[in-house]
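Below: the structure, in structure tokens.
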Amino acid sequence: MSYARDERLALCALLADLGPDQPTLCEGWQTADLAAHLVLRERRPDASVGILGGPLAHYTRLVQSRIARRTPYSELIKLIRTGPPRFSPMGLPGADERINVVEFFVHHEDVRRAQPTFEPREIEPALSDIFWRRLGVARLLLRKAPVGVELVREGGQPSSGRVRITAKARTPVVTVIGAPAELTLWAMGRTGAARVRLDGSDADIAALRAASWRI
Numbered sequence: 229m230s231y232a233r234d235e236r237l238a239l240c241a242l243l244a245d246l247g248p249d250q251p252t253l254c255e256g257w258q259t260a261d262l263a264a265h266l267v268l269r270e271r272r273p274d275a276s277v278g279i280l281g282g283p284l285a286h287y288t289r290l291v292q293s294r295i296a297r298r299t300p301y302s303e304l305i306k307l308i309r310t311g312p313p314r315f316s317p318m319g320l321p322g323a324d325e326r327i328n329v330v331e332f333f334v335h336h337e338d339v340r341r342a343q344p345t346f347e348p349r350e351i352e353p354a355l356s357d358i359f360w361r362r363l364g365v366a367r368l369l370l371r372k373a374p375v376g377v378e379l380v381r382e383g384g385q386p387s388s389g390r391v392r393i394t395a396k397a398r399t400p401v402v403t404v405i406g407a408p409a410e411l412t413l414w415a416m417g418r419t420g421a422a423r424v425r426l427d428g429s430d431a432d433i434a435a436l437r438a439a440s441w442r443i
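Under my numbering, the first residue of the sequence shown is numbered 229, with each subsequent residue one higher.
Given below as structure tokens:
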């Protein structure tokens with residue numbers, strides 16, 4: 229079973245169904261832009277290094293825009309569905325599951341949750357466990373948060389037995405409570421769309437909500 233492959237195919241099906249000009253949760257991106265981003269990420273290693281910002285971010289944006297303009301939308305979806313070429317590091321055996329489970333889940337939800345008919349979906353316990361294990365990355369994502377952050381899992385006991393992750397050790401602290409999939413979306417900056425609860429003082433919660441760490 230490959231959860232990364234499942235999310236990839238489900239996202240491709242949704243992109244094909246919606247068309248190229250539908251909204252997403254990625255600011256300024258329609259569905260065609262998100263598709264171009266995924267193609268760039270897997271097929272243009274020269275440009276993908278700027279995805280997270282830095283001195284090459286402008287070049288990344290130019291290449292992504294060019295891909296979106298020059299590649300038919302149906303071809304973008306085909307390229308995503310096919311996956312990375314063999315010579316890509318992402319094409320190595322096992323790399324898809326290690327690298328893309330969270331990536332494709334988050335972007336799938338970027339499209340799903342931007343639609344007016346959005347309804348939550350049920351996440352398998354094994355996939356929830358994967359999301360929970362991967363949430364260690366929140367320590368990096370939230371390093372500039374204005375307050376301490378604790379992530380607390382609800383909705384099923386994890387295989388590790390651990391239900392709390394310290395994303396940023398600092399006081400005062402805000403506790404973010406939710407299912408692993410929702411905490412993943414929140415940690416990845418989809419704070420307005422993630423179904424989580426924040427526990428802390430009003431001032432600390434407001435400070436955290438005003439911060440930005442989206443990638």
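Every residue, glycine too, gets a C-beta built ideally from N, C-alpha and C.
Starting from the Cα of residue i, find the closest Cα among the options and give me that residue.
i    : options                : result
L368 : V291, T399, A415, P248 : A415
C254 : A244, L266, D245       : L266
D357 : K372, L411, G420       : L411
G406 : G383, K396, R398, T394 : G383
A263 : T299, A241, P273, L304 : L304
P251 : V339, R362, R390       : V339
R236 : D274, P248, D324       : D324
I295 : A421, E270, P283       : E270
P317 : S276, A438, P283       : S276
Exposed or buried, which one is residue i when buried takes at least 16 other CB atoms within 10 Å?
i    : result
R297 : exposed
F359 : buried
D430 : exposed
E363 : Checking the displayed sequence, the identity of residue 363 turns out to be Leu instead of Glu. Buried.
P321 : exposed
R390 : exposed
D274 : exposed
Would you grab the beta carbon distance between residue i and residue j for me? Rounded to a whole angstrom, and I think it's under 8 Å.
i    : j    : result
G191 : K396 : Nothing in the structure corresponds to residue 191, since the chain is present only between 229 and 443.
T259 : L246 : 6 Å
Y231 : V329 : 5 Å
A373 : L280 : Not confirmed; about 17 Å, so no contact.
I393 : A366 : 7 Å
G420 : R442 : Between R442 and G420 the Cβ distance is about 10 Å, and since that is not below 8 Å, they are no contact.
L370 : V402 : That pair is no contact at about 10 Å.
Does the segment 327-337 come into contact with the segment 278-294, if we say contact requires no fewer than three beta-carbon pairs (one atom in each stretch) closer than 8 Å? The segment 327-337 vs the segment 278-294: no contact.
Please list the segments of the alpha helix (DSSP H) lying wholly inside the segment 355-414, counting only runs of 4 or more residues, in order along the chain. The DSSP assignment places complete alpha helix (DSSP H) segments of no fewer than 4 residues inside the segment 355-414 at 366-369, in order along the chain.
Contained alpha helix (DSSP H) runs [length at least 4] in the segment 290-354, N- to C-terminal order: Listed in chain order, the alpha helix (DSSP H) runs fully inside the segment 290-354 are 301-310, 323-340, counting runs of at least 4 residues.
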